[in-house]
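Engineer: Sharing a structure with you now.
Residue numbers (our numbering): 39 to 106.
Structural data, given as structure tokens:
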């Protein structure tokens with residue numbers, strides 16, 4: 039699998055954290071209401087991937103600030 043990197047300013051990273059958090063809320067709500075097993079499994083896997091991205095983003099924002 040290809041690996042991608044993106045550089046974000048601190049403000050952009052905070053905005054991305056907010057956007058991911060909001061999207062995950064909607065996805066979890068959708069997961070609760072779906073009856074299609076295949077779609078549910080795909081949605082659950084996508085939620086897990088995005089949660090991992092969010093955790094990494096939060097760790098980066100909580101870490102030491104770069105010196106300029």
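Where is the CB? At the ideal position from N, CA and C, for every residue including glycine.
Is the separation between the beta-carbon of residue 95 and that of residue 57 shorter than 8 angstroms?
Structural biologist: Not closer than 8 angstroms, so no.
Engineer: For the alpha helix (DSSP H) containing residue 64, list its first residue and its last residue.
Structural biologist: First-last of the alpha helix (DSSP H) with residue 64: 48-71.
Engineer: Please check the pair residue 88 and residue 78, which I expect to be a contact at CB under 8 angstroms, by giving their CB distance rounded to whole angstroms.
Structural biologist: No, residue 88 and residue 78 are not in contact; Cβ-Cβ is about 16 angstroms, not under 8 angstroms.
Engineer: Hey, quick one: how far does the alpha helix (DSSP H) through residue 103 stretch, first residue to last?
Structural biologist: No alpha helix (DSSP H) holds residue 103; DSSP gives it neither H nor E.
Engineer: How close, in whole Å, do the beta carbons of residue 62 and residue 72 come, if the pair is a contact with beta carbons under 8 angstroms?
Structural biologist: Their Cβ separation, rounded to whole angstroms, is 15 angstroms, which puts residue 62 and residue 72 out of contact at 8 angstroms.
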